[in-house]
Amino acid sequence: MVKEFEDEVMRAMDKVFEDEMKKVSDTLEQDLLISLIGEVNAGKSTTVNKIIGEDIASTNPMPGETVSVDPYNIRGLENIKFMDTPGLNDPNDENPKKTLEFVQQSDVVLFFLNAAGTVFSDSEKQKFSEIEKHNKDILIVLNKIDAAEDIPSIIKFIKGHTKNKYKVIPVSSKTGENLDLLKKEILLLLEKKGKDLLFAKSMKEKSSAATRWIVGAGVSAGIIGASPIPGSDVLPLTTLQVGLIVKLSNLYDKPLTKKAAKDMIVITATQTIGHTLYRQALKFVPGAGSVIGGTVASSMTLALGYGVKYAYENNIAIDYEMIGSLYEKLKKREKNA
């Protein structure tokens, strides 16, 4: 029976592994363009350096330091381009025109406002309106909150003048406050475009992106396992789990073979819930069995994801006993929920 189960997983792997690897490879070959827009001294370059965790953008307190639209590339990920644009109120009249040329091509536009200055001045409103016509994938970055008061009122003011269409993220590039929230919102926008892995690879701190993918896979696995549709087999959940493992291996730059991926899935299944229960969960037993299947599929996928993440982050072999223990905790928590 165990051999039969392994063979079935292997057949499923033959169908999905190469597809998932190609999908990720194609994603990583895409260009990713993020434009940084705002008036001079809004802290665009400093914020980018903090997001990436490396000084890739030059900073200078003098207004007008950025006089052209230049890409900042990351070593090893040259297809990620942070376009540090001249200030919208730059004395060089040609610079704002150059900025707008890049807006339409951008995957994400970060529109910076200075919380310690005249927030959303008439000129900023005008420029924002122009940018909005070309691209609506905008995040409003309210920077320098460490030097301002009554941030909630400022945010309310900004949202009122943008008709509540866009997220406003209050940050401090000086102290690092809320920069994780900004990264999360960038990832959410890029996820819709299938480019979140590329951005996540550029960050020194990768844990939050990995956790988001794991949680998302757990939710999807629960839906697969709880579905009342008959005739399901190993393929749907295997596809989901392989996709998760492939993304994690690429995020942490860990090589992954088809055999290694198969072993992760088979060993996790047999050592946590057993191959028989795994198959029953995927066969969508009617009634209460469907709920059990959803809990089983979700908990096992979460345990697998967190186990692989922990191993990759600590550069150690995957501990299946730890995954089994984590599975029991997750299953209990989901049942109680």
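Residue 445 is where the sequence shown starts when you use this note's numbering, and the numbers rise one by one after that. Glycine residues also receive a C-beta, built at the ideal position from the N, C-alpha and C atoms.
Exercise. Where in the segment 575 to 621 do unbroken runs of the alpha helix (DSSP H), each at least 4 residues long, occur, reported from the N-terminal end onward?
Worked result: 595 to 605
Problem set entry | Cutoff 6 Å; reference residue 554; Cβ partners in own chain excluding five residues on either side | 480, 583 and 585
Exercise. Tell me, which residues are paired with residue 684 by DSSP?
Worked result: Note: residue 684 sits in no beta bridge, so no partner.
Exercise. If you draw a straight line from the alpha carbon of residue 657 to that of residue 607, how long is it in whole angstroms?
Worked result: 31 Å
For this session: State whether the segment 480 to 496 contacts the segment 703 to 712, with contact taken as three or more CB pairs (one from each stretch) at a distance under 8 Å.
Result: no
For this session: Please report how far the alpha carbon of residue 471 lies from the alpha carbon of residue 598, in whole angstroms.
Result: 38 Å
For this session: For the segment 616 to 628 and the segment 699 to 706, state whether three or more C-beta atom pairs, one from each stretch, are separated by less than 8 Å.
Result: no
Problem set entry | Simplified DSSP assignment, three categories, for residue 737 | helix
Problem set entry | Distance between residue 476 and residue 467 (C-alpha atoms, nearest Å) | 16 Å
Problem set entry | Residue(s) in a DSSP beta bridge with residue 524 | 476
Exercise. Does DSSP put residue 690 in a helix, a strand or coil?
Worked result: helix
Exercise. Looking at the unbroken alpha helix (DSSP H) that takes in residue 643, where does it start and where does it end?
Worked result: 640 to 646
Exercise. Is residue 589 closer than 8 Å to residue 612 when the C-beta atoms are compared?
Worked result: no
Exercise. To the nearest whole angstrom, what separates the beta carbons of residue 639 and residue 551, a pair I think is in contact under 8 Å?
Worked result: 6 Å
Exercise. Given that a residue counts as buried once 16 or more other Cβ atoms are within 10 Å of its Cβ, and exposed if not, what is residue 706?
Worked result: buried
For this session: With DSSP as the reference, label residue 553 as helix, strand or coil.
Result: strand
For this session: Report the partner residues of residue 493 according to the DSSP bridge assignment.
Result: The partner list for residue 493 (beta bridge, DSSP) is empty, contrary to what the question assumes.
For this session: Indicate whether at least one CB of chain D lies closer than 8 Å to the CB of residue 494.
Result: You won't find chain D in this structure, because it holds only one protein chain.
Problem set entry | Cβ distance (whole Å) where residue 602 is taken to contact residue 556 below 8 Å | The Cβ separation is near 12 Å, so there is no contact.
Exercise. Using the beta-carbon count (16 or more within 10 Å), is residue 496 buried or exposed?
Worked result: buried
Exercise. What number of angstroms, rounded off, separates the C-alpha of residue 596 from the C-alpha of residue 617?
Worked result: 18 Å
For this session: Can you give me the start and stop residues for the alpha helix (DSSP H) that residue 711 sits inside?
Result: 702 to 716
Exercise. What is the rounded straight-line gap between the Cα of residue 650 and the Cα of residue 779?
Worked result: 30 Å
Problem set entry | Continuous alpha helix (DSSP H) stretch holding residue 660: start and end | 651 to 670
Problem set entry | Cβ-based neighbour list, residue 523, same chain, cut-off 6 Å, excluding 5 preceding and 5 following | 475
Exercise. If residue 478 sits next to residue 526, beta carbons under 8 Å apart, how far is it from one beta carbon to the other, in whole angstroms?
Worked result: 5 Å
Exercise. Could you give the C-beta distance for residue 439 and residue 748, rounded to a whole number, given that I count them as a contact under 8 Å?
Worked result: What is shown of the chain runs 445 to 781, which leaves residue 439 out entirely.
For this session: Could you please give the first and the last residue of the uninterrupted alpha helix (DSSP H) stretch that includes residue 624?
Result: 623 to 637
Problem set entry | Cutoff 6 Å; reference residue 560; Cβ partners in own chain excluding five residues on either side | 588, 591 and 592
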